[in-house]
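Chains as they are written, first to last, in my numbering: chain A, 47 to 381; chain B, 1100 to 1401. Every residue, glycine too, gets a C-beta built ideally from N, C-alpha and C.
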Amino acid sequence: MAVLLRRLAGHVARGFVMILVVTTISFLIIRNVPGDPLLARYQKLVEQGMAPDAAQRAVEALYGFTPKGGLWEQYLDYMGGLAHLDLGQSLSVPGTGVSTVLFSAAKWTLIPVLAGTLLSFLVGVVMGVYAAIKRTGVLGDLLAISGSLLHGVPQYVLALLLGAIFTTLIPILPAGGTADIVIDPGFTADYIGSLVQHATLPVVTYALAGYGGWILAMKSSVVTVLGDDFILAAELRGMKRSIIFRYVARNAILPLFTILALSLGLLFGGSIFIERIFNYPGLGLMLIDSINNRDYSLMGGAFLLITTAVVVANIAADLLYTVIDPRVRSGGEAA
Amino acid sequence: MSATIVPEAETGAAAAVRRNFWRGVWRVMRRKPSRMVGAVILVVFALMGILGPMLYPDPLPRDTSALYAPPSLRHPFGTDFEGTDVLALVVTGSRYVLLTALVTAAITVVVGAGVGLFAGFRRGRWDTVLMRFTDMKLTIPGLPLLLVLSTVWKFTGAVEMGLVLGLLGWGGVARAVRSQTLSLRERGFIEAARGLGLSTTHIVGRELLPGMAPYIAMNALIAVTGAVYAQVGLFFLGVLPFEANNWGVMLNLAVFGGGALTTTAALPYLLAPLLAILLLTLGIVLVVDAMDEIFNPRLREE
Chain A
47 MAVLLRRLAG
57 HVARGFVMIL
67 VVTTISFLII
77 RNVPGDPLLA
87 RYQKLVEQGM
97 APDAAQRAVE
107 ALYGFTPKGG
117 LWEQYLDYMG
127 GLAHLDLGQS
137 LSVPGTGVST
147 VLFSAAKWTL
157 IPVLAGTLLS
167 FLVGVVMGVY
177 AAIKRTGVLG
187 DLLAISGSLL
197 HGVPQYVLAL
207 LLGAIFTTLI
217 PILPAGGTAD
227 IVIDPGFTAD
237 YIGSLVQHAT
247 LPVVTYALAG
257 YGGWILAMKS
267 SVVTVLGDDF
277 ILAAELRGMK
287 RSIIFRYVAR
297 NAILPLFTIL
307 ALSLGLLFGG
317 SIFIERIFNY
327 PGLGLMLIDS
337 INNRDYSLMG
347 GAFLLITTAV
357 VVANIAADLL
367 YTVIDPRVRS
377 GGEAA
Chain B
1100 MSATIVPEAE
1110 TGAAAAVRRN
1120 FWRGVWRVMR
1130 RKPSRMVGAV
1140 ILVVFALMGI
1150 LGPMLYPDPL
1160 PRDTSALYAP
1170 PSLRHPFGTD
1180 FEGTDVLALV
1190 VTGSRYVLLT
1200 ALVTAAITVV
1210 VGAGVGLFAG
1220 FRRGRWDTVL
1230 MRFTDMKLTI
1240 PGLPLLLVLS
1250 TVWKFTGAVE
1260 MGLVLGLLGW
1270 GGVARAVRSQ
1280 TLSLRERGFI
1290 EAARGLGLST
1300 THIVGRELLP
1310 GMAPYIAMNA
1320 LIAVTGAVYA
1330 QVGLFFLGVL
1340 PFEANNWGVM
1350 LNLAVFGGGA
1360 LTTTAALPYL
1370 LAPLLAILLL
1380 TLGIVLVVDA
1390 MDEIFNPRLR
1400 EE
């Protein structure tokens, strides 16, 4: 337990530094955007007859820091705001805090990403075992090549192909949005059905994008375990194949849990394409919209939230691995 | 320092080793026809990038009477919103994509291998600092960072784009090269070289690098593929100004201009660049598969 806590502390510290770096990047970008939106806003408000300090307060509310004062002062202002989750006001959705906009978008990313990742994990792991057992045959080759190909192809190609097939050629699935606008949101069968229908293409794209990685990882993991001495010993003892197989699968799947959490984080970053293509209002689409609308405070916030998701996923990956693999734990205790 | 005098016999041996290596490459390539297919695909793409734009007149001819024309013998992938042949757009657009890839590859290999070798060979404090930095680069999600950077930094030219992608993308190669260096430096032949008092440059350049070259190449190829996709993706998302014809611009115009995800008219315009990306991926995947076997002799014994 103590080891676990020590590991956790180290990861949290590293994750914190990470987030600090990312907020600094977004602060510097908001600050250095060509044309300086802060100063322009401030000057416009003053020109419109607002008192300088009132204008300053207004701009401060918009961006989370005052345009006056030294760079260091502004930076501290911005960080201070962040500490109580105040990311400033959104510029494109007036009167709404950036955090409010972001948290309402987060669920549209979180749920499809989770669903797609778990789906691809289950299918990919099973197929990976097959690919490992049949690795010298044609089936194994085909599985491996399909895995490499799906792993190599960018997500947007998958999304565009699926979209072209299922919304244009055989229009059986909706092209975008989260649900039919004519259906009132609520806990009704119609609305939930519509939600599921609209989520199908994004989820399937996430699943296909992840599947290739799983099949390859599981295949190499199984092949490695098959070469281990204890498997050979079990075989020599004449143990039943099905039991040997349980040994193999249990040991081979362990390293994959780390990748599971990591890939969750990656998909958060990659959700941008899928959300843009299927017009799905999650964090990625929010980031694109904020860039197109030059809504710099929202942009900084979306970037921060995506990175935080990645960092959290990384920490979870490592902890998960420590919990499920006793070898790592005892190794840590011995050290 | 001084010109090394290499005995005749040693050069002969080295040449033989090299010859054997290339023979091994040939054997690996020949064993599965798919690998040859991969190599051929890559060669075709390279030729397309070099010669493609010369095959067509510079402003591509427009046929305003045939907007979004369906595929035909004259236009195998139809025409776009201005009546320009889609196939011509894909072919001429490949240069931008591949030139970026080339620049990215160069930076990824030089910086990634350099950092990886240095960190792995020196170890100690430098290693820790460099790897922390690398890890950080690897953790920050690349695409969102690129999007955010694109608001302050207009990287639109192919070379400039390759530069940005290369500088953001060397982390993976550095990590891979470092771990390889760490395992190689403990081997007998490196220890022997150190015992003989050979210089570090000699050990790294003549003893370490040659064995790792295919490995570096493989990792670089993977990094470059990622960079090509990121580039096409950025243009597709429409956050960069459309300065030149390239596949990402085509995808963007087909989906968000032509409505290819709702009507069939612009579908060939969407599918042509997608097909090009898929083929390029296939070529790279098949070649990486072959490189994997060349590099990892254990796979060969199967």
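Legend entry - Rounded Cβ spacing between T251(A) and L300(A) (contact assumed at less than 8 Å): Actually they are not in contact, since the Cβ atoms of T251(A) and L300(A) sit about 28 Å apart, beyond 8 Å.
Legend entry - Closer than 7 Å to chain B by CB, V203(A): yes
Inset, instruction - Mind listing the chain B neighbours of L207(A)? Cutoff is C-beta to C-beta under 7 Å, in chain order. - result: L1373
Legend entry - Start-end ranges of the beta strand (DSSP E) lying completely within the segment 60-97 of chain A, minimum 3 residues: none
Legend entry - Residues that G1211(B) contacts on chain A, provided the C-beta gap is smaller than 9 Å: Per Cβ cutoff of 9 Å: no residues; G1211(B) is ~19 Å from chain A at best.
Inset, instruction - Go ahead and label E1290(B) buried or exposed: buried means 16 or more other beta carbons lie within 10 angstroms of its beta carbon, across all protein chains shown. - result: exposed
Legend entry - Chain-ordered chain B contacts of N360(A) [CB-CB under 7 Å]: T1238
Legend entry - Cross-chain neighbours of T322(A) in chain B, by beta carbon under 7 Å: Residue identity check: residue 322(A) is Arg in the sequence provided, not Thr. Near R322(A) (Cβ distances below 7 Å), the residues of chain B are L1336.
Inset, instruction - Report the neighbours of F314(A) on chain B: residues whose CB is nearer than 8 Å to its CB, in chain order. - result: P1240
Inset, instruction - Just the C-alpha distance for V1214(B) and R1277(B), rounded to the nearest angstrom, thanks. - result: 8 Å
Legend entry - Cβ of G1406(B) within 7 Å of any chain A Cβ: Only positions 1100 to 1401 of chain B appear in the structure, and residue 1406(B) is not among them; the question remains open.
Inset, instruction - Inspect the beta-carbon positions of Y1195(B) and A1257(B) and report whether they are closer than 7 Å. - result: yes
Legend entry - Interfacial residues, the segment 149-176 of chain A to chain B, with Cβ spacing under 7 Å: none
Inset, instruction - Give a yes or no on whether 7 Å exceeds the smallest Cβ distance from L1366(B) to chain A. - result: yes
Legend entry - Neighbourhood of A362(A) by C-beta, 7 Å cutoff - its chain only, sequence neighbours within 5 removed: A307
Legend entry - Cβ-based neighbour list, A1371(B), same chain, cut-off 7 Å, excluding 5 preceding and 5 following: F1176, V1185, L1186 and V1189
Inset, instruction - Spell out whether any CB of chain B is found under 7 Å from the CB atom of M64(A). - result: yes
Legend entry - Neighbour list for I75(A) in chain B, Cβ cutoff strictly below 7 Å: V1247, T1250 and V1251
Inset, instruction - Starting from the C-beta of T353(A), find all residues in its chain whose C-beta is less than 6 Å away, skip the five residues before and the five after it, and write them out in chain order. - result: V68
Legend entry - Cross-chain neighbours of T1199(B) in chain A, by beta carbon under 7 Å: Correct list: empty, because the minimum Cβ distance to chain A is about 15 Å.
Legend entry - Partner residues on chain A for M1235(B), Cβ-Cβ distance less than 7 Å: M64 and V67
Inset, instruction - Kindly say whether A381(A), judged by its beta-carbon, lies nearer than 7 Å to any beta-carbon of chain B. - result: Confidence at A381(A) is low in this model, with a pLDDT of 33, below 50, so its placement is unreliable and the value that follows should be read with caution. Closer than 7 Å: no.
Legend entry - Chain-ordered chain B contacts of G198(A) [CB-CB under 7 Å]: T1324, T1380, I1383 and V1384
Legend entry - Given L350(A) as reference, the closest of D335(A), V271(A) and S72(A) once Cα atoms are compared: S72(A)
Inset, instruction - Evaluate contact between the segment 277-291 of chain A and the segment 330-339 of chain A, counting only Cβ atoms and requiring at least three cross-stretch pairs below 8 Å. - result: no
Inset, instruction - Could you please give me the residues that DSSP links to D1184(B) through a beta bridge? - result: T1178(B)
Inset, instruction - Work out the CA separation of Y342(A) and M96(A) for me, nearest whole Å. - result: 23 Å
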